[in-house]
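Only one structure is covered here, and it is reproduced in the block below.
Number of protein chains: 2
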Amino acid sequence: MNFIIKQNILMEQLNNAIKGVSNKNLIPILNCIKFELTKDGLYLLSTDNEMAIRTFLPKEKIEEIISLGEVVVSGRYIYEIVKKLPNEVITIEEVAGSKLFITTTNTEFNLNCNNANDFPNLELETKENPIVITEADFKAMVNQTSFASSLQESRPILTGINFLIRNSSIECTATDSYRLSKRKIDLKSTEEENNLIIPNRTLVELTKLLVEDENEMEMHIFTNKVIFRFDNIEFLTRLISGTFPDTEKLIPESFELELKVSYRDIFGAIDRASLLSSGDDKNTLLFELKNDVIKISSNIPEIGMVEEKIKVVDKKGDDLTISFSSKFMTDALRAINSEFVVLKFNGDIKPIIIVDPNNTLLTELIVPIRTY
Amino acid sequence: MNFIIKQNILMEQLNNAIKGVSNKNLIPILNCIKFELTKDGLYLLSTDNEMAIRTFLPKEKIEEIISLGEVVVSGRYIYEIVKKLPNEVITIEEVAGSKLFITTTNTEFNLNCNNANDFPNLELETKENPIVITEADFKAMVNQTSFASSLQESRPILTGINFLIRNSSIECTATDSYRLSKRKIDLKSTEEENNLIIPNRTLVELTKLLVEDENEMEMHIFTNKVIFRFDNIEFLTRLISGTFPDTEKLIPESFELELKVSYRDIFGAIDRASLLSSGDDKNTLLFELKNDVIKISSNIPEIGMVEEKIKVVDKKGDDLTISFSSKFMTDALRAINSEFVVLKFNGDIKPIIIVDPNNTLLTELIVPIRTY
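Protein chains in written order, with the numbering used here: chain A, 1 to 372; chain B, 373 to 744.
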């Protein structure tokens, strides 16, 4: 392998490939990036066994291809080296004895290479009829659900986001069993019917690669993996095996109380009140509705107390007193971010449902906290 | 104490006062800010025993003063609360039972107060003829020396910056005994002669408060403290007692070799070469001068090696091979930041001196590393 390339062009490609490199360092080859220089252009491959990335640079963007070949080299080092090189042309050449020479006018790096055959086969297949969705829609779907997924490895299924694909739509659901976030997207007509759990961690990495909002991306679903294709990038993620809990029955059809409030009012009130909610994980707030005023209060005995008042815009049902986690409510509200928000209750021990009144595609649920 | 103030105005003052609040939490009162509302305006005081800050807001900037008084309240809580309040007027009122009420239209915080008499007396005296210096000059002096001071509490003197004041100039010196940075500033005529050691940590905090570059600041020197006055702020720092090492004899008058090089060339070369310098603290680089070319090289056997070439602009003396820490050289070059830089040597075991050829006020010294 021997080619000449502009520093900024290689850097752009490395910026994507580096995201697939493992940080954990247990299997040395997974800390590497594989360079595959073919007659069509340059492929960079990286994987941490749970996900894999292959980026492609067409030959037109390479200054000169002198000889083809494959090289496997430390991802972190090649990334940092190219980043610090001046913005001029770089020669990248494999020489005898598994060495990679990276040279510019005044600089010569010489990196040890791994055996290209030891690099895992990424199995980047394609299907004939992938699902097609815009990058912007996909990003929104992940951002609006991801936070509700669990970090506890003890229940692996809940560390993923459920993708339920049917009737030409995707419904994404994440839950840590104390709260839930569900986001639906309508698709162009597709025959696909599927029910998968994708690790939250790989989805978050994937969204970092999505920059062209209006571009369409393809989603190729296989038994134990999904492959996304967009902007000269292929992104593979393993699936979590198992059955995601059936969350549909958790969201009731009817409610005893429905409240419409200004988003800004309730977000500000909860954000401030959380300053004086006790330091445990839950950060409990007390929520009291009386006539058309909500009082949100909290205290830490040794520090002080806080009381916030919010005027209700619209109310259907009777007064209620309930407690919930300020963190869960803040996370749910952040995902909604609209002018108004509707809170729906069935008494003080049943889940609270939070929605944007003008958007039925997103549903947030949080379980109240019993304080007695 | 009872007054009404705009949120953004109080926030601006708290942004300064919070910097004096201790993070260490050992003596509860040092986590507090003292409010002193006088007929002239509002003072906020904070201290961590090593430094102290008093900020002043003249009464014209306060919406309404209803009653004067003093209150001591948790610094972190009052700061976070005011930060999250909407930008409207806030009423701040002390009520019976050592409570502070902070109220806006829809929000009511109620914080426990400490006894105002328990707050330390800050002893913010003034002298008749302080030293006067611009904020920009003072900031430059600290930024260009601070990095060379020691972090090791075992030699407390080296954790400070030496201020040597004589002949209408200040000479600041910091050293960790492996490198040294010395910066001189000429003053308007002053009688003051002094030799002090100010803790590096408090100087760094002080520079964060300096925002009006062209403003002049006053420096009032006492036996065991210095008080700085600028922009309605008084800043007190304790001194480190003891005698700073005499560093003047460390910088020779004559050199066997002097090299002038492009700043960009040498900074880039060392920055890149440091990527492959071994992971210990020193990050040793090999520097070889042959004719008019410097070769800088380094390697980590299991990763690879790097070789950088720099053309010398001007050379007085003979070829030399020497080793030094890439980190120390990078820090020294960062402080200089000019078009050219001059490196001066007396053989391969004596300190290297680095200067800007057009600025005699700043001198950097680093001790070479013996590699044999």
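C-beta: ideal position from N, C-alpha, C; glycine also.
These numbers were taken from a predicted model, which means no experiment stands behind them.
Close Cβ partners of residue i (< 6 Å) along its chain, the five nearest in sequence each way excluded
i, result
"B/LYS688", "GLU630"
"B/LYS471", "ASN482"
"B/LYS499", "HIS592"
"A/PRO351", "LEU365 and VAL367"
"A/LEU289", "ASP319 and LEU320"
"A/LEU206", "PHE235"
Same chain, Cβ closer than 7 Å to residue i, five either side skipped, listed in chain order
i, result
"B/MET591", "PRO502, ILE503, ILE505, VAL598 and PHE600"
"B/PHE510", "LEU582 and MET589"
"A/LYS83", "MET11"
"B/VAL685", "LYS632, VAL633, SER634 and PHE712"
"A/LEU37", "MET1, PHE3, ILE65, LEU68 and GLY69"
"B/LYS580", "LYS391"
Under 9 Å between C-beta atoms of residue i and residue j
i, j, result
"B/ALA452", "A/LEU239", "According to the sequence displayed, residue 452 of chain B carries Glu and not Ala. Against a cut-off of 9 Å, the Cβ pair of A/LEU239 and B/GLU452 comes out as no contact."
"A/ILE353", "A/PHE287", "no"
"B/ARG551", "B/PHE700", "yes"
"B/ILE638", "B/VAL713", "yes"
"B/PRO492", "B/THR419", "yes"
"B/THR531", "B/THR619", "no"
"B/VAL444", "B/LYS391", "no"
"A/THR190", "A/ILE165", "yes"
"B/ALA389", "B/PHE607", "no"
"B/GLU584", "B/ASP558", "no"
"B/ALA704", "B/SER670", "no"
"B/GLU586", "B/GLU674", "no"
"A/ASN194", "A/PHE244", "no"
"B/ILE569", "B/PHE428", "no"
"B/ALA641", "B/ILE668", "yes"
"A/LEU85", "A/GLN7", "yes"
"A/GLY41", "A/LYS61", "yes"
"A/GLY304", "B/TYR415", "no"
"B/THR732", "B/ASP643", "no"
8 Å Cβ shell around residue i - same chain, five flanking residues per side excluded
i, result
"B/VAL576", "VAL514 and SER518"
"B/LYS560", "VAL504 and SER540"
"B/LYS411", "LYS431, ILE437 and LEU440"
"B/ASN663", "ASP691"
"B/VAL665", "LYS681, ILE682, LYS683 and VAL684"
"B/ASN487", "VAL444 and SER470"
"B/ILE542", "ILE503, ILE505, MET513, PHE535, LEU536, LYS556, ILE557 and LEU559"
"A/GLU192", "ASN129, ILE131, ILE165 and ILE221"
"A/ILE349", "PRO368 and ARG370"
Nearest neighbour of residue i, chosen from the options [CA to CA]
i, options, result
"A/ILE322", "A/VAL341, A/THR284 and A/GLU307", "A/THR284"
"B/LEU734", "B/ILE741, B/ASP720, B/GLY719 and B/SER710", "B/SER710"
"B/GLN524", "B/ASP548, B/GLU507 and B/ILE464", "B/ASP548"
"B/ILE401", "B/ASP412, B/THR702, B/ASN387 and B/LEU417", "B/LEU417"
"A/VAL347", "A/ASP331, A/PRO357 and A/ARG370", "According to the sequence as given, residue 347 of chain A is Gly; it is not Val. Answer by Cα proximity: A/ARG370."
"B/ILE377", "B/LYS396, B/VAL467, B/ILE474 and B/THR615", "B/ILE474"
"A/PHE222", "A/GLU125, A/PHE345, A/PRO199 and A/LYS295", "A/GLU125"
"A/LEU26", "A/ASN49, A/GLN13 and A/ILE300", "A/ASN49"
"A/LEU122", "A/THR237, A/LYS344, A/PRO357 and A/ALA140", "A/THR237"
"B/ASN572", "B/SER521, B/GLY413, B/PRO729 and B/LYS621", "B/SER521"
"B/GLU625", "B/ASP490, B/SER613, B/LYS716 and B/ASN596", "B/LYS716"
"B/ILE381", "B/SER394, B/VAL393, B/GLU435 and B/ARG426", "B/GLU435"
"A/ASP356", "A/GLU192, A/SER181 and A/ILE349", "A/SER181"
"B/GLY614", "B/ASN596, B/LYS621 and B/ASN387", "B/ASN596"
Distance between beta carbons of residue j and residue i, contact taken as under 8 Å
i, j, result
"B/LYS681", "A/ASN106", "5 Å"
"B/GLY447", "B/CYS404", "5 Å"
"A/THR104", "A/ILE90", "6 Å"
"B/GLU466", "A/VAL306", "That pair is no contact at about 17 Å."
"B/SER697", "B/ILE672", "Not quite, the Cβ-Cβ distance comes to about 15 Å (not below 8 Å), so this is no contact."
Mind pulling the alpha helix (DSSP H) runs of 4 or more residues that sit fully within the region 437–470 of chain B? Runs of the alpha helix (DSSP H) inside the region 437–470 of chain B: 447–456.
Can you check the region 160–224 of chain A for any alpha helix (DSSP H) of at least 4 residues that lies completely inside it and give the ranges in chain order? Complete alpha helix (DSSP H) runs here, min 4: 200–209.
At which residue ranges does the region 611–660 of chain B contain complete beta strand (DSSP E) runs of 3 or more residues, listed in the order of the chain? Listed in chain order, the beta strand (DSSP E) runs fully inside the region 611–660 of chain B are 629–634, counting runs of at least 3 residues.
For the region 53–83 of chain A, enumerate the residues whose C-beta is nearer than 7 Å to any C-beta of chain E, in chain order. In the displayed structure, chain E is absent; the protein chains listed are A and B.
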